[in-house]
Amino acid sequence: MATKTVRRSISMTPEMRDLLAQIAAKHGRDVSENDLIRDAIRHYLDQQSDVVGSRRHFQRSLQARLDRLESTLTFQMLMLTFLLATVLGDESGEAIDEAMAAAARDGEALLKQIAALRPPKGDA
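Numbered according to this note's numbering, the sequence shown spans residues 5 to 128.
Quick look at the structure:
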């Protein structure tokens with residue numbers, strides 16, 4: 005857990021204070037009013053997608069990047085497939101159909117073999 009070194013003072017209505025005290029009492033000694041206030045602030049900050057550094061911003065930016073990478077990879081694979089078919093002179097598309105069937109049938113086993121050849125992380 006991060007060290008809490010910054011102090012802030014807040015004002016609230018008596019009703020908010022009473023509700024906060026009730027919620028803290030419901031949780032028992034494990035949760036203080038300060039814990040609840042920090043959780044509320046963390047939740048609010050996480051919902052701010054435009055704030056750089058928030059969890060939601062990170063999740064959205066990571067998802068956007070993964071989507072772009074997937075799109076780029078798909079395009080490149082299609083280009084390679086087309087170029088390979090052209091080089092092989094496969095105008096009927098039979099070689100591509102056979103390759104797709106083999107990938108569907110043997111793809112998982114091939115991925116496991118490739119993974120077994122990779123050096124463990126940290127050794128590279």
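The beta carbon of each residue, even a glycine, is placed where N, CA and C say it ideally should be.
Distance between residue j and residue i (C-alpha atoms, nearest Å)
i    : j    : result
E74  : E37  : 45 angstroms
S96  : Q80  : 21 angstroms
R26  : G111 : Inspection of the sequence shows that residue 26 is occupied by Gln rather than by Arg. Answer to the nearest angstrom: the Cα atoms are 57 angstroms apart.
I1   : V35  : Nothing about residue 1 can be read from this structure; the chain reaches only from 5 to 128.
H31  : A44  : 15 angstroms
M83  : T7   : 52 angstroms
L87  : R42  : 57 angstroms
I206 : A105 : With the chain covering 5 to 128 only, the question about residue 206 has no answer from this structure.
T17  : R46  : 21 angstroms
R69  : D22  : 45 angstroms
Residue j beta carbon less than 7 angstroms from that of residue i
i   : j   : result
A28 : L40 : yes
D71 : R59 : no
L92 : A99 : yes
Local conformation of residue i per DSSP, three classes
i    : result
M104 : helix
I45  : helix
G97  : coil
S65  : helix
S75  : helix
A6   : coil
Cβ of residue i within 7 angstroms of any chain B Cβ
i   : result
L24 : Judged by its chain identifiers, the structure shown contains no chain B, having just a single protein chain.
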